[in-house]
Ligand SMILES: Cc1cc2nc3c(=O)[nH]c(=O)nc-3n(C[C@H](O)[C@H](O)[C@H](O)COP(=O)(O)O)c2cc1C
Ligand code: SF4
Ligand code: FES
């Protein structure tokens, strides 16, 4: 049986070996062609050539922002003598997102190959894989892979006789969503609270321990070995001009076959939902879908005929984000769903910015009140007002993320709000 | 407790919730002193060792007491107030003891849609506790947590070092029996 569900319409590059327990071992990985890309990059390519092929591939960062990976690498200084760092962002905590977990637990060496090649490209002497501490079942798998890679000379001094040396350390988070934001992650790695930093300076100029640093998502790094092996044009055969290649979408919520699916980036969202994920549960219909993790706007059922590319989902009114798809069927009360999401952000706000700290707190409180039958009609403009104050004004975009579901749910599902408010008022009159 | 020598690259990346822990266990002795030293070699700065070192203390003792905070502060040249500001920021550090099995139920949106609230209720009823309490037999503490990153397998429940996927109200009793 293939990994929990798979489908012939997937394009399985990253996920080809998901579900194969042997692929988690070093020998199993080498049997599957593993570490050839490391040999190629370190043995026959310059740093610049590696960056060039990743640029050619059009790969955009899979952590949420979609920034071109090759371009990001090219910002790292070339002729300095400072230590450089690569930090692999394995903090995956965005509700709905469980794709990096699958990469790490099924193909840890795929990630290590990406870390080694990425480190080489940016001239890093040390790579930290920052894994959220809650990933208790994933961490031992990654640890074993790291120890094995060291023992076989893929990490450490003078890797494969190439003259390039790299230390790699597995660093665990300890429970903080905001450590996933890249500058929050750097503070956390340095032993501070994971409070995002004001940018500039950007990490490439002044990152971990004050040194030039690149932060990359697990999925962004894991696909790099494939690009190094097969070339940029090969990767571009999938997707669109602006959104090349494949992307993992982890799909959860009200679905017949939830799971992580790998699709070419021009795949249709409706096909993903109905064909791959098997549609909504028996007898139900979709009411709303969040395509890219709880931080992106909600799509209504009539907006699902969209291309899963960066530009396609933006045109539909949402975003690719992390690729954490959350499906909700017609049994869902949107006020309840949004309340749960906003409570998440209220809990995870680091508290540095007033708009975010206060906005998430009050929005959650008002949503709770509406849900319990104490809502008023003025609550709708009040929530919109709070949301407007939360967006675009803070150190990081957690604040914007919290506002997104509030605003999009009021735009698209105001009936759910009004019904609860009317029911509450009716009950109040009756008492 | 494992005395096996860990590779320094992973010395700071060990699970911090274990059923076998001892609130009075000596800190930073034997293999743990070795791990402490190994962790320090992985960072250019002592402060950076704070998360792995605190995690190691919690792995041994089950929670972070003020005595632990003082020891860590001393070893890393930080103030106890600073260390407390870290343990209170990161939710995995426990400020008080918990049951032998810390049962963490995800109630974020993915699991919520699939009935996580009912799973929490069932777990609380079956263990005879309220959220965060230790059950009378000392075995269980049930808490709600935010997304555990396994949303397609709702409801996701983490018990110490194990993740249980697709937990339903009907499977709660079996889960608890399995732990015993
Ligand atoms: C609040 C917040 C949380 C984030 N969480 C994550 C995360 O868990 N994992 C991740 O890879 N990126 C996360 N990001 C995005 C990172 O800041 C950063 O853009 C990303 O790691 C860069 O890698 P990439 O260029 O490979 O995508 C988050 C951003 C914000 C604002
Ligand atoms: S927006 Fe929120 S999470 Fe981001 S820095 Fe400000 S307070 Fe912290
Ligand atoms: S929502 Fe429960 S694991 Fe993500």
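Residue numbers (the numbering used here), protein chains in the order written: chain E, -9 to 421; chain C, 23 to 202. Where is the CB? At the ideal position from N, CA and C, for every residue including glycine. Given the structure is predicted, the values throughout are model-derived calculations rather than measurements.
Any non-hydrogen atom of ligand 2 within 7 Å of residue 82 (chain C) CB: no
Sorry if obvious, but does the Cβ on residue 204 (chain E) come closer than 7 Å to a heavy atom of ligand 2? no
Residue -7 (chain E) in three-state terms, based on DSSP: coil
Same chain only: Cβ atoms within 8 Å of residue 119 (chain C), ignoring 5 sequence neighbours per side: 45, 84, 85 and 156
According to DSSP, what are the bridge partners of residue 182 (chain C)? For residue 182 (chain C), which the question treats as bridged, DSSP gives no partner whatsoever.
Where are the alpha helix (DSSP H) runs, 4 residues long or more, that stay fully inside the stretch 157 to 230 of chain E, in chain order? 172 to 179, 208 to 212, 214 to 220 and 222 to 226
If the cut-off is 9 Å on Cβ atoms, which residues from the stretch 341 to 356 of chain E count as contacting chain C, listed in chain order? none
Within 10 Å of its beta-carbon, does residue 36 (chain E) have 16 or more other beta-carbons around it, so buried, or fewer, so exposed? exposed
Using only the alpha-carbon positions, how far apart do residue 49 (chain C) and residue 42 (chain C) sit? 15 Å
Measuring CA to CA, which of E:319, E:236 and E:239 is closest to residue 273 (chain E)? E:319
Do residue 132 (chain C) and residue 79 (chain C) count as a contact pair if the criterion is CB distance below 8 Å? no
Within this structure, are the beta carbons of residue 96 (chain E) and residue 8 (chain E) separated by less than 8 Å? yes
Chain C contact residues for residue 370 (chain E), given Cβ-Cβ distances below 9 Å: Those do not exist, as residue 370 (chain E) stays about 21 Å from chain C at its closest Cβ, beyond 9 Å.
Going by DSSP, what residue range makes up the beta strand (DSSP E) through residue 124 (chain C)? 123 to 128
Since residue 350 (chain E) is in the alpha helix (DSSP H), which residue starts that stretch and which ends it? 344 to 361
Suppose you measure from the CA of residue 310 (chain E) to the CA of residue 252 (chain E); what does that come to, to the nearest Å? 13 Å
Just to confirm the assignment, what range does the beta strand (DSSP E) spanning residue 240 (chain E) have? 236 to 243
Which of the residues in the stretch 127 to 140 of chain E, read from start to end, lie with their CB under 7 Å from any CB of chain C? 127, 129, 133, 136, 137 and 140
So what's residue 50 (chain E) in DSSP terms, helix, strand or just coil? strand
Using a Cβ-Cβ distance cut-off of 8 Å, determine whether residue 199 (chain C) contacts chain E. no
Does the distance from the C-beta atom of residue 199 (chain E) to that of residue 59 (chain C) stay below 8 Å? no
Which chain C residues sit within Cβ distance under 7 Å of residue 242 (chain E)? 132, 173, 174 and 176
Based on the DSSP secondary-structure assignment, which residues constitute the bridge partners of residue 78 (chain E)? E:119 and E:206
Since residue 161 (chain C) contacts residue 121 (chain C) with CB under 8 Å, what's their CB separation in whole angstroms? 5 Å
Just to confirm my understanding: we take residue -9 (chain E), look at its own chain, exclude 5 residues before and 5 after, and list those with CB closer than 7 Å. What are they? Reliability fails at residue -9 (chain E), whose pLDDT of 39 lies under 50, so the model's placement of it is uncertain and no value is given.
In the DSSP assignment, the alpha helix (DSSP H) including residue 148 (chain C) goes from what residue to what residue? 138 to 149
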